[in-house]
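These notes are about the structure you will find just below.
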Amino acid sequence: MRQLSLNRRAIGIAACVLATIAAGVLVRARLSSAAEGAALVRGNAPGEWRFWGADAWSTRYSPLTQIDASNFANLQVAWQWNASQFGEDEYYRTTPLYANGRLFTVASTRRVAAAIDPGTGKTLWHWGLDEGLRWQKAPRQFAGRGLAYWSDGPNERVIVVTPGYHLASIDAKTGTPDPRFGKNGVVDLMNGLGYPLVPWAVDDSGPLIISDAAPPRKARTGEKWDSVRKIGADGTIGIDPAIGQIANSSPAIVVNDVIIVGNSAVHGYFPIRTHNMPGAIRGFDVHTGRQLWKFNLIPQPGEFGAETWTKGSKVGSDGVGKNDAWAPYSADPELGLVYIPVGMPLMDEYGGHRPGANLFGTSLVALDVKTGKRRWHYQFVHHDIWDYDTPMAPNLLDVTVNGQRRKIVAQTTKQGWVYALDRLTGEPVWPIVETPVLQSEVPGEQTWPTQPIPSRPEPYSQQGLVESDLIDYTPAIKDSALKLAKRCRMGPYFIPASLADGTGASGYRCSWYAPGASGGVNIDGGTAADPETGRIYVGSQSGLSTIQVQKDPCSEFRYSSPHDSCGLIGALPAPAGYVAQSGSARGNGFEGRAAGSQIGGVSILKPKPLGGVTAYDMNSGDKIWWVPNGISTPVATNDALFAGVTLPPQPGRGQAQIITTKTLVIYGTGRSGGPPRPPFHLYAVDKATGKDVGQVQIPAKTTAVPMTFMHQGRQYIVFATGAGANTALVALTLPHGAEGSGGARRR
Amino acid sequence: MKPQLLIGVASPLILSVVVSATACAQKARTERTTLAGVYSEPQAARGQDLYAGMCKSCHAAATHTGVAFEKSWNGHPLSELFGFISTRMPKNEPGSLAPEEYIDVLAYLLKLNQMPAGPAELPPDTTVLGAIRIQTHAAAKPPIR
Chain A
22 MRQLSLNRRA
32 IGIAACVLAT
42 IAAGVLVRAR
52 LSSAAEGAAL
62 VRGNAPGEWR
72 FWGADAWSTR
82 YSPLTQIDAS
92 NFANLQVAWQ
102 WNASQFGEDE
112 YYRTTPLYAN
122 GRLFTVASTR
132 RVAAAIDPGT
142 GKTLWHWGLD
152 EGLRWQKAPR
162 QFAGRGLAYW
172 SDGPNERVIV
182 VTPGYHLASI
192 DAKTGTPDPR
202 FGKNGVVDLM
212 NGLGYPLVPW
222 AVDDSGPLII
232 SDAAPPRKAR
242 TGEKWDSVRK
252 IGADGTIGID
262 PAIGQIANSS
272 PAIVVNDVII
282 VGNSAVHGYF
292 PIRTHNMPGA
302 IRGFDVHTGR
312 QLWKFNLIPQ
322 PGEFGAETWT
332 KGSKVGSDGV
342 GKNDAWAPYS
352 ADPELGLVYI
362 PVGMPLMDEY
372 GGHRPGANLF
382 GTSLVALDVK
392 TGKRRWHYQF
402 VHHDIWDYDT
412 PMAPNLLDVT
422 VNGQRRKIVA
432 QTTKQGWVYA
442 LDRLTGEPVW
452 PIVETPVLQS
462 EVPGEQTWPT
472 QPIPSRPEPY
482 SQQGLVESDL
492 IDYTPAIKDS
502 ALKLAKRCRM
512 GPYFIPASLA
522 DGTGASGYRC
532 SWYAPGASGG
542 VNIDGGTAAD
552 PETGRIYVGS
562 QSGLSTIQVQ
572 KDPCSEFRYS
582 SPHDSCGLIG
592 ALPAPAGYVA
602 QSGSARGNGF
612 EGRAAGSQIG
622 GVSILKPKPL
632 GGVTAYDMNS
642 GDKIWWVPNG
652 ISTPVATNDA
662 LFAGVTLPPQ
672 PGRGQAQIIT
682 TKTLVIYGTG
692 RSGGPPRPPF
702 HLYAVDKATG
712 KDVGQVQIPA
722 KTTAVPMTFM
732 HQGRQYIVFA
742 TGAGANTALV
752 ALTLPHGAEG
762 SGGARRR
Chain B
3 MKPQLLIGVA
13 SPLILSVVVS
23 ATACAQKART
33 ERTTLAGVYS
43 EPQAARGQDL
53 YAGMCKSCHA
63 AATHTGVAFE
73 KSWNGHPLSE
83 LFGFISTRMP
93 KNEPGSLAPE
103 EYIDVLAYLL
113 KLNQMPAGPA
123 ELPPDTTVLG
133 AIRIQTHAAA
143 KPPIR
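As given, the protein sequences belong to chains A and B, one line each in that order. Quick note: the first sequence uses this note's numbering, first residue 22, plus one each step. Quick note: the second sequence uses this note's numbering, first residue 3, plus one each step.
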């Protein structure tokens, strides 16, 4: 501890780089028989998993056949790797990589990178970085979704973006930083964005509080580190916190020797300040770490799209911030394009400070990998006030539409739609119609008059709430459901939030919210794509809640989702007459977002084949099959209203975490799916029909999308589990002697 | 004395004791507080993992422990806090956890606020929870004289 404090006082981030923990080589794993000499397909070696989404196209597809319908239920735990050995985490949201005989992952809030022997689960090496206050005040202080891999044959690198926003290139064989890359293997990503770097200090010893409370600040001249109170300046250098905060949660993607890196930002839930740092995408030379280009996700004055910020888009302006591309990316190496799913602007439920369509918020942007120039973009939500960040790497597919071979990109979204676009031009594959939508009654809010609604495929999640959605088992039930539904603003989709005090023109105090801020699809679930058939398998949830806004008395925003920031470091002083509310009166009088959609514990929504796992044929845009996430839940109630009525089961909750193989769709239920108590399972269905072909008991719920690979003749499925101090990777494989002859088939 | 007489004499006393004990028990039930060991350690441990996985990304512990917790919840029935978190949380998908999961998280919140564990688990039953009053250690301290 003393040494750490001495380092903090004496050196700072540049020197922290020198304090890297490189454990070195323990073992050099044998090369994978599946990969030796094999040509890459979509950037991946058959039987390997070199990208977060398996390959550059983010298919999550493996051509392996050893594990199939006949033996899935026989899978056994081969090993468990204790991720908590490197410290605690939030939930363990990482999908590992497998390349050339090694498994690579990240772990803990420090995002320690590690290589693992895929056959035994033993740690081969690990690497981490002491980031001082950059870590303490990181807006995404967790292991993250994974890392990236690059190889030119003899050289192999693992690319890590740290919580404190450093980019590291690590030798995949030894775990040592590449001395030719950046400074001793590390590039400071806070450099090169165009903002001044200053010494940091803190006034508390805790983390950043959602969203931007308790931030770091610029250090005063001569300010020192107080090692007892753990406040002051520790030598950390970073972007002036007055500009905002920047983070990272997803891996970079390496395409044609260019590392493409974006960022996440502060959460948009309850921000105090009306400005923060805008998102940016950058390209770096994989050999040297040199920054090649930068693309602004909030176009600055003079850039394409700046006019969509009618009050101006300059950094530091009211309402300007975020538009962060926090999900993983996809790429077509042959076209030289990378596809960037972009999140929404600041803040989640109120956009009165940022009138306009707000490009490139809630969009998909195609960038030239070499130059960073925009090739095309498509905005899914204009002037987003629903927290509909584009939450997932899009899936690239080659399909045949109306007899024509098409290169498409399919983006699944929180809003419950698949948007199918030509991946060369961004043109819709099927018509996407700008449709008039409800307008906001919240003062200052200028809702965009239309939103793009896909004509096909049909949605995979509940859309808004209209009368025909309501349960109607008896006339009395129908009347009761309608009465409850009419308490909040109804509509087919894109229903704007209502004022919590009911002072809007219609008097509503809430609006129905479906899909909600977690989707639809969100980062936990998402989509696997089958390059053989052109089908996609979407893991999503479908539910119903309500949304409302009111004034946070200690935030600069005029409205936000009900919250009280008063008393937090960095919040505005409490206004005169302020009285803190207690109990369930905190925020407002509405008795609950979820309970408001139930009668006697029964949802007012008719059960539908939504959420769960939905298969679409992207050649035709047709929905092929649907299964619930895990099992459907029986519904029972003592409410007299339902006396004599047999209630249908509700589809499973949560977001299925899906991969697909030659014959199977394999999925875990995710952290909020499946039963609340063990036993937990991994499921497999026939990918052609959705028919259940097996399930296998697993030690804990999946918490991230699984992956699969062939190592020394055995197919493994590996997935992350757990949270806090109980995080692990779990590897499943078939019992010895039951492997059969299946292996990788090139595709 | 015949046994019957004994019973006859003792009956009013026994009845009195039973009535008194029942009244005390009812009083104790209605005045049960979160300082009486209303959750179990294994339940709080499950809740800790759930909290880390489902809650921590939006909450710093300082916002629902200590003075902040006391100001918001001291004196309220536990059913109110259960209702609050199970209908409003997580913010992005309120109501998305199972009742068994929400009650585990609630147990962990009590533990975070230094309330003692006991032998039994807290059930996700609003009637039971409604009879338990939230009492923090600071509020339980006797006034200084």
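Built from N, CA and C at the ideal position, the CB exists for glycine as well. These numbers come from a predicted model, not from an experiment.
For residue i, which residues does DSSP report across the bridge?
{"i": "GLU177/A", "result": "SER172/A"}
{"i": "LYS100/A", "result": "A quick correction: the sequence has Trp, not Lys, at residue 100/A. Beta-bridge pairing links TRP100/A to ALA752/A."}
{"i": "GLU103/B", "result": "The partner list for GLU103/B (beta bridge, DSSP) is empty, contrary to what the question assumes."}
{"i": "LEU626/A", "result": "LEU491/A"}
{"i": "GLN736/A", "result": "MET731/A"}
{"i": "ASP408/A", "result": "Paired residue(s): none; ASP408/A is not in a bridge."}
{"i": "ILE453/A", "result": "PRO475/A"}
{"i": "PRO220/A", "result": "ILE258/A"}
{"i": "GLY633/A", "result": "SER561/A"}
{"i": "GLN312/A", "result": "PHE305/A"}
{"i": "PHE72/A", "result": "ALA75/A"}
{"i": "SER519/A", "result": "GLN569/A"}
{"i": "ASP713/A", "result": "VAL706/A"}
Count the other CB atoms, across all protein chains shown, that sit within 10 Å of the CB of residue i; report buried if there are 16 or more and exposed otherwise.
{"i": "HIS187/A", "result": "buried"}
{"i": "LYS315/A", "result": "exposed"}
{"i": "ARG674/A", "result": "buried"}
{"i": "PRO464/A", "result": "exposed"}
{"i": "SER489/A", "result": "exposed"}
{"i": "ALA30/B", "result": "Only weak support is given to the placement of ALA30/B: the predicted model assigns it a pLDDT of 45, under 50, and the question is left unresolved by the model."}
{"i": "PHE107/A", "result": "buried"}
{"i": "PRO655/A", "result": "exposed"}
{"i": "VAL420/A", "result": "buried"}
{"i": "THR748/A", "result": "buried"}
{"i": "THR242/A", "result": "exposed"}
{"i": "PHE199/A", "result": "The question names Phe, but residue 199/A in the sequence shown is Asp. It is buried - the Cβ of ASP199/A has at least 16 other Cβ atoms within 10 Å."}
{"i": "ILE134/B", "result": "buried"}
{"i": "HIS403/A", "result": "buried"}
{"i": "ALA497/A", "result": "exposed"}
{"i": "GLY97/B", "result": "buried"}
{"i": "GLY758/A", "result": "exposed"}
{"i": "GLU123/B", "result": "buried"}
{"i": "SER226/A", "result": "exposed"}
I'd like to check one pair, residue j with residue i: are the Cβ atoms closer than 7 angstroms?
{"i": "ARG396/A", "j": "ASP389/A", "result": "yes"}
{"i": "ILE738/A", "j": "LEU755/A", "result": "no"}
{"i": "LEU37/B", "j": "VAL107/B", "result": "no"}
{"i": "ARG510/A", "j": "TYR529/A", "result": "yes"}
{"i": "LEU318/A", "j": "VAL363/A", "result": "yes"}
{"i": "ILE679/A", "j": "GLY560/A", "result": "yes"}
{"i": "ALA601/A", "j": "LYS93/B", "result": "no"}
{"i": "ASP369/A", "j": "TYR290/A", "result": "yes"}
{"i": "THR115/A", "j": "THR126/A", "result": "yes"}
{"i": "ALA63/B", "j": "GLU111/A", "result": "no"}
Just to check my reading of the structure: residue i and residue j have Cβ atoms closer than 8 angstroms, yes? What is that Cβ distance to the nearest angstrom?
{"i": "LEU459/A", "j": "TRP533/A", "result": "Contact doesn't hold; Cβ gap of about 11 angstroms is too wide."}
{"i": "GLN344/A", "j": "PHE381/A", "result": "One point to set straight first is that residue 344/A is Asn, not Gln, in the sequence displayed. With a Cβ gap of about 6 angstroms, ASN344/A and PHE381/A count as contacting."}
{"i": "SER482/A", "j": "GLY540/A", "result": "7 angstroms"}
{"i": "VAL307/A", "j": "VAL282/A", "result": "At roughly 11 angstroms, the Cβ-Cβ gap does not stay under 8 angstroms, so VAL307/A and VAL282/A are not in contact."}
{"i": "TYR113/A", "j": "THR724/A", "result": "5 angstroms"}
{"i": "ARG166/A", "j": "PRO354/A", "result": "Actually they do not touch by this definition, with Cβ atoms about 21 angstroms apart."}
Residues in the segment 91-109 of chain B with C-beta within 7 angstroms of chain A's C-beta atoms, listed in sequence order? LYS93, ASN94, GLU95, PRO96, GLY97, SER98, LEU99, ALA100, GLU102 and GLU103
Quick one: which residues of the segment 67-92 of chain B get their C-beta closer than 7 angstroms to a C-beta of chain A? List them in chain order. LYS73, SER74, TRP75, HIS78, GLU82, GLY85, PHE86, THR89 and ARG90
For the segment 114-130 of chain B, which residues have a CB atom closer than 9 angstroms to at least one CB atom of chain A, in sequence order? none
Between the segment 288-315 of chain A and chain B, which residues of the former have a C-beta closer than 9 angstroms to a C-beta of the latter? HIS288, TYR290 and PHE291
Closer than 9 angstroms between beta carbons: that is the criterion. Which residues of the segment 211-230 of chain A meet it against chain B? ASP225, GLY227, PRO228, LEU229 and ILE230
Contact residues within the segment 688-709 of chain A, judged by C-beta distance below 7 angstroms to chain B: ARG692, SER693, PRO697 and ARG698
Residues of the segment 73-105 of chain A in Cβ contact with chain B at a cutoff of 9 angstroms, in chain order, please. none
When Cβ atoms are compared, which residues of the segment 34-61 of chain B fall closer than 8 angstroms to chain A? GLN50, ASP51, LEU52, TYR53, ALA54, GLY55, MET56, LYS58, SER59, CYS60 and HIS61
Residues of the segment 334-345 of chain A in Cβ contact with chain B at a cutoff of 9 angstroms, in chain order, please. none
Taking any Cβ of chain B, which residues in the segment 558-582 of chain A have a Cβ under 8 angstroms from it, in chain order? GLN562, GLY564, SER566 and SER582
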